[in-house]
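In my numbering, the protein residues as written are 2 to 138. Built from N, CA and C at the ideal position, the CB exists for glycine as well.
This is the structure we're talking about:
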């Protein structure tokens with residue numbers, strides 16, 4: 002997800018410039034909100050970067066952030082989520098579904114154990130470039 006990493010770096014850059022500047026801070030918070038909204042629309046994993054920035058802002062700017070800038074950030078984030086709302090209306094909110102229908106019905110405890118054993122026995126040794134590891138004989 003290279004694009005998500007780029008959007009996360011851009012969000013961090015904008016927020017740090019917002020915290021650093023004394024004058025004309027509003028353009029950075031508006032752009033950060035737009036990037037946040039578009040990042041969430043583009044890739045849901047971006048929510049992790051967004052939440053970490055939001056937590057950082059709440060901790061570092063306790064008194065001043067909850068004034069006008071908080072509402073500006075929230076409104077510009079909703080504007081950045083504009084394509085997401087547009088897509089949701091066009092598709093009948095099918096973009097809220099994370100997996101295909103029917104996938105969850107086959108998921109059980111046996112499948113979970115099988116996938117875990119496959120991860121331990123096959124995938125992890127293969128990720129370390131080991132040709133063959135015999136676990137059971």
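Residue i vs residue j beta-carbon contact at 7 Å
i: residue 33; j: residue 8; result: no
i: residue 77; j: residue 35; result: yes
i: residue 74; j: residue 30; result: yes
Residue i - DSSP class collapsed to helix/strand/coil
i: residue 28; result: helix
i: residue 44; result: coil
i: residue 18; result: helix
i: residue 93; result: coil
i: residue 4; result: helix
i: residue 52; result: helix
i: residue 82; result: coil
Separation of residue j from residue i, as counted between CA atoms
i: residue 83; j: residue 39; result: 8 Å
i: residue 22; j: residue 72; result: 19 Å
Residue i burial status per 10 Å Cβ neighbour count (16 or more: buried)
i: residue 45; result: exposed
i: residue 50; result: buried
i: residue 59; result: exposed
i: residue 25; result: exposed
i: residue 61; result: exposed
Range covered by the alpha helix (DSSP H) that runs through residue i
i: residue 114; result: 110-119
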